[in-house]
Each structure stands twice: as structure tokens, then as C-alpha cells.
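Remarks on the structure that follows.
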Amino acid sequence: MKQIKVSILFFVSCFLISSCKEKSEKLPDKQNKVVTIEKLQDSIRKLSYELDDYRYFDIRLNEDGLYFFHENSIDDPEEFVRQQLMATNITKDKNHPLISYRPRRNAKFQINKIKLLNHRWVICDFSDGLDWGELLLKMTLNDNKTLSFEVLDQTLYVSEQKP
Numbered sequence: 131m132k133q134i135k136v137s138i139l140f141f142v143s144c145f146l147i148s149s150c151k152e153k154s155e156k157l158p159d160k161q162n163k164v165v166t167i168e169k170l171q172d173s174i175r176k177l178s179y180e181l182d183d184y185r186y187f188d189i190r191l192n193e194d195g196l197y198f199f200h201e202n203s204i205d206d207p208e209e210f211v212r213q214q215l216m217a218t219n220i221t222k223d224k225n226h227p228l229i230s231y232r233p234r235r236n237a238k239f240q241i242n243k244i245k246l247l248n249h250r251w252v253i254c255d256f257s258d259g260l261d262w263g264e265l266l267l268k269m270t271l272n273d274n275k276t277l278s279f280e281v282l283d284q285t286l287y288v289s290e291q292k293p
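Quick note on numbering: the sequence shown equals residues 131 to 293 in our numbering.
Written as C-alpha cells, this is what we have:
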């Protein structure tokens, strides 16, 4: 009888040791997953803050600017401004009407990209395929639903590549 008790105790002990060993092997894996999840959540939080900073000067989040366009029956302010600025690229003149810099080769400066900050200001990127720059424009909505642009400032980045 004593031998049976010892055998049972031995098997129970082996079972408990085996069970504890399996749990201890799984524990680091779970801890690694928890650490990974925490790192991912922290990265998401940081990216969210960066996105908030990036979007701070954006017409889509500017209620007062959007209200101005809404009151003037303009449904998509970004597209409205983009179309009018892109139209300035189409001129017979060799020089762009808003860009005071002159290209170093036979290409013309063209506005490529815009960022509408609010109902009054827009930032533009321009290039002639070699040199590039940026414009800060003030815009005014005319009575006939066209925009007038005034250059507040501009900068040119000259490529080291020869024309």
C-alpha cells in the first residue's frame, strides 16, 4: 500500500513539474507579445501626435476657413484653389505669372503641388524639372468667383546639376 502511495505521489509530482515547466516556457512568449504590443501602441501614439502636428495648418480642419468657402457656395475649397492655380501654368509667356525667378534652361516653372492653409493663404511647390522652389500666396475671392493671388514670399532651390 505504501508503495502505491509513493507511486501515485511520484506520478502526481511528475505531472505537476511537467505542467509548471510548460507554463514557464509559455510565460516568456506571452511577455514578449505584451512588450511587442506595448511598443506598437506607443508607435501608433507617436505617429498620431505627428499627424496632428502635420494637419494643424490644413483647411480640412479649419472650421472658420471652411465656413468662408461654404458661405460663398464653394463645396471643395482645395479643388477650387488647385484648378485656379494650375490654370496659371498655362500661359503663352515663357515666364510664370506668379514666380519671379527665371528658369536656367528652356523649360518653364510650373506649380506642381499646393497646400491650402486657410481661406487666405496657400503654399505652392514649383519646378522646371531642374530647379525647384516654394511660394507663399495670399488669395482673394473676387465677386465673379475667381481668385486673385498675391505673392507674399518665394524661395528657389538651385540644383547643382548644370542645365
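For glycine and all other residues, C-beta sits at the position ideal for the given N, C-alpha and C.
| query | What three-state label does DSSP hand residue 173 in the structure shown? | reply | helix
| Applying the criterion that 16 or more other CB atoms from any shown protein chain within 10 Å of the CB defines a buried residue, is residue 282 buried or exposed? | exposed
| Length of the line joining the Cα atoms of residue 291 and residue 212 | 30 angstroms
| field | Neighbourhood of residue 232 by C-beta distance below 8 angstroms, restricted to the same chain and skipping five residues each side | value | 225
| field | residue 256 - DSSP class collapsed to helix/strand/coil | value | strand
| request: Can you give me the Cβ contacts of residue 237 inside the same chain, cut-off strictly under 8 angstroms, excluding the 5 residues immediately before and after it? | output: 258, 259, 260
| request: List in chain order: all unbroken beta strand (DSSP E) runs of 3+ residues lying wholly within the stretch 264-292. | output: 277-287
| Quick check: the stretch 244-258 against the stretch 187-201, are there 3 or more CB pairs under 8 angstroms? | yes
| task | Compute the Euclidean distance between the alpha carbons of residue 205 and residue 198, then round it to the nearest angstrom. | result | 11 angstroms
| request: Could you tell me the distance, in whole angstroms, from the CA atom of residue 285 to the CA atom of residue 271? | output: 25 angstroms
| query | Do you know whose CA, among 230, 234, 235, 255, lies nearest residue 242's CA? | reply | 255
| query | Taking the C-alpha atoms as reference points, what is the distance between residue 278 and residue 184? | reply | 27 angstroms
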